[in-house]
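Q:
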Amino acid sequence: MAVEVRIPTILRTYTGDQKSVEASGASLSALIDDLEANHPGLKDRLIETKDGAVDLRRFVNVYVNDEDVRFLGGLEAPVSDGDQVVVLPAVAGGS
Amino acid sequence: MTRYDDLLSSVGETPLVGLPTLSPGPDVRLWAKLEDRNPTGSIKDRAALAMIEHAEKDGRLRAGCTILEPTSGNTGISLAMVARLRGYRLVCVMPENTSQERRQLLAMYGAEIVSSPAAGGSNEAVRRAKLMADEHPDWVMLYQYGNPANALAHYEGTGPEILADLPGVTHFVGGLGTTGTLMGVGRFFREHKPDVRIVAAEPRYGELVYGLRNLDEGFVPELYDESLIDARFSVGPRDAVRRVRELLDGEGIFAGISTGAILHAALAQAERSIRAGERADIAFVVCDGGWKYLSTGAYEGTIDEAEERLEGQLWA
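Heads up: the protein sequence lines correspond to chains A and B, in order. Quick note: the first sequence uses this note's numbering, first residue 6, plus one each step. Quick note: the second sequence uses this note's numbering, first residue 504, plus one each step.
1) Mind pulling the chain A residues with CB within less than 7 Å of F736 of chain B?
2) Going by the CB atoms, is the gap between P83 of chain A and F64 of chain A shorter than 8 Å?
3) Assign E572 of chain B to one of three DSSP states: helix, strand, or coil.
4) Look up N653 of chain B in the DSSP assignment and say whether it is helix, strand or coil.
5) Nearest CA to the CA of K696 of chain B: which residue from B:A667, B:N717, B:A703?
6) Only counting the same chain, and skipping five residues up and downstream in sequence, which positions put a Cβ closer than 7 Å to that of Q816 of chain B?
7) Under DSSP, the beta strand (DSSP E) around H674 of chain B begins and ends at which residues?
8) For my contact list, K48 of chain A and L40 of chain A are in at a C-beta cut-off of 8 Å; report their separation, rounded to the angstrom.
9) L582 of chain B to D38 of chain A, Cα distance in whole Å?
10) Tell me whether L519 of chain B sits in a helix, a strand or coil according to DSSP, three-state version.
11) Where does the unbroken alpha helix (DSSP H) through R631 of chain B begin, and where does it stop?
12) How about I732 of chain B and G689 of chain B: are their beta carbons less than 8 Å apart?
13) At a Cβ threshold of 8 Å, is L93 of chain A touching chain B?
14) Rounded to whole angstroms, what's the CA-CA distance from Q607 of chain B to T574 of chain B? Just pull it up for me.
15) Are the CB atoms of V702 of chain B and V466 of chain B within a distance shorter than 8 Å?
16) Grouping DSSP H, G and I as helix and E and B as strand, with all else coil, what is E9 of chain A?
17) Let's see if you can read the secondary structure: which residues bound the alpha helix (DSSP H) around E27 of chain A?
18) Does the beta carbon of T14 of chain A sit closer than 8 Å to a beta carbon anywhere in chain B?
19) Restricting to runs no shorter than 4 residues, where is the alpha helix (DSSP H) found entirely within the segment 575 to 624 of chain B?
20) Quick one: residues in its chain with C-beta nearer than 7 Å to the C-beta of A558 of chain B, no 5 flanking neighbours on either side, listed in chain order?
21) Less than 8 Å between the CB atoms is what I'm expecting for V744 of chain B and G763 of chain B, so what's the real figure, rounded?
22) Any beta carbon from chain B within less than 8 Å of R62 of chain A's own beta carbon?
23) How is W534 of chain B classed by DSSP in three states: helix, strand or coil?
24) Spell out whether any CB of chain A is found under 8 Å from the CB atom of N717 of chain B.
25) With distances taken Cα to Cα, identify the nearest neighbour of A97 of chain A among B:V594, B:S625, B:M584, B:I580.
26) By how many angstroms is the C-alpha of E710 of chain B removed from the C-alpha of P724 of chain B?
27) Look up V702 of chain B in the DSSP assignment and give the residues it is bridged to.
28) Which stretch, first to last residue, makes up the beta strand (DSSP E) that contains T54 of chain A?
29) Could you tell me the distance, in whole angstroms, from the CA atom of A535 of chain B to the CA atom of L510 of chain B?
30) For K560 of chain B, count neighbouring Cβ atoms within 10 angstroms of its own Cβ and tell me buried if that reaches 16, exposed if not.
31) Which parts of the segment 754 to 810 of chain B are runs of the beta strand (DSSP E), unbroken and 3 residues or longer, counting only runs that do not cross its ends?
32) To the nearest angstrom, report how far apart L766 of chain B and V747 of chain B are at their CA atoms.
33) For the beta strand (DSSP E) holding L93 of chain A, just list the boundary residues, first then last.
34) Consider the Cβ of D733 of chain B: report whether some Cβ of chain A lies at a distance smaller than 8 Å.
35) Please compile the residues from chain B whose C-beta is within a distance smaller than 7 Å of the C-beta of Y68 of chain A.
36) Can you check DSSP and say which residues form a bridge with S545 of chain B?
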C-alpha cells in the first residue's frame, strides 16, 4: 500500500531533499512510523509528547486529501492507498 | 435600510445571494455573502472598524495616534480608510509579494507601507511588526491575529445576518487567515444554532511562503480556537482560480482569488451532502471583488498559466 507524502522544504534534510516520498500505513500514526523507518529523525519533527499525550506538533499541519487531519481523528486519521498526504508548517494566512 | 449618515455606518448588512447555476439542486444549495459590498470592497471593513472603535473606547487610541498593523492588504486598506476619516496615521507592514493594486489603494488612503520579505509571507510581516511595536511603544498595534474585536465583528454582524437571511442554514464556509471570520461566526452558531457545521478554507501558497528557518517560527493566530470549526480544507491556487472563474461564468460574480478557495471548499461540502442524501443550505463568504488581483494574471489565459503566475504570490 502506497501513499504519497509531500514534505515541506524545511524538513527535506530528512528525505535527502526529496519533495515527496512514499509511505504506507492504515492510519496517520502508522504512516509516520513507516516514514521514520526510511527517514530517521522525521517523526520527532512531526509529533511530540506533551503531558503524556502524543500529538502533532503545534506548528505542523498535516492534510489527507487536502483536509486537515486534526478534524479527521488526528494521529488516528485513516489513510488509504492512493491518498495524498501533505505536511506543511503552520504560517500566518492572508489578512 | 439603505440610507446612512456616513460611510462607516454602512459597513455590514451585505446581501446573501443564491447560486442557481452552481448549486447542485433544490436540496443542496449554495449562498454567497457578498462582502465586496462593504465600503472599501472587502470583509475586512468589519474587523477594521470594530478594532478601531474598541481601541477608542478603551482609551488606547486617541486623536493623532499612529496605528501599526501587519497585513497582506485588505485589512490595511480597511484600516487606512477608517484612519483617514478619524485622523490617525497608519503604518502597514506588508509582504513584498502582494499585488500592486493593494499597495496603490493603501497609498491613496495615505497609509505608509513598510515592506517585509516575500520569503516567509505574512509570518515575516507579523514578526517585523512586532519588532517595530517594541521600538515604538507609543504606536498602537491593533494586531488582527489576536484582537478579540476582529472575531466580535463577525459574532455580532456576519453570523446574525446570515441566520436572519437564511434561517435554515446548515453550513458556513469561510476563509482562514486571521481566523477572525470563522471564530466569530463559529461562536455565534455554536451558541444560537449549534447544528450548523463550520468549514474553513485555508489558502495553500507556493513553497516560498512556507520558507521558515525552523519549525519553531511557525504561527497559529492567537484568536484560533479549533473547537469552533468542524472541517478545514487546504486549497491551492489551481482550484482557487478554477472556482473563481466558475463563479463569474455561472453566476456573474467577479470575486477575488481567495473566494475561489472558499467556493472550492463549499462545493466539496455540497458533494458530501449529496452523497449523504441530506438537505443543505451552505452559506459562504465572498471576501472581496477581483479588482485588486487583475494584475496577478489570475483571470487571463489558461488555468495552467494562471497557476504559474500565482506561484510565490500571496494571492489570498
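Idealized CB from N, CA, C, for every residue including glycine. Remember, it's a predicted structure, so these values are computed and weren't measured experimentally.
A: A quick look at the data gives this:
1) D71, E72
2) no
3) strand
4) helix
5) B:A667
6) N600, T799
7) 674 to 678
8) 7 Å
9) 47 Å
10) strand
11) 624 to 638
12) yes
13) yes
14) 14 Å
15) Only positions 504 to 819 of chain B appear in this structure, which leaves residue 466 of chain B out of reach.
16) strand
17) Counting along the chain, E27 of chain A falls outside any alpha helix (DSSP H), though it belongs to the beta strand (DSSP E) covering 25 to 28.
18) yes
19) 577 to 589, 603 to 611
20) L564, V643, L645
21) 6 Å
22) yes
23) strand
24) yes
25) B:S625
26) 20 Å
27) B:V676, B:A734
28) 52 to 55
29) 23 Å
30) exposed
31) 783 to 789
32) 8 Å
33) 89 to 94
34) yes
35) S737
36) B:D791
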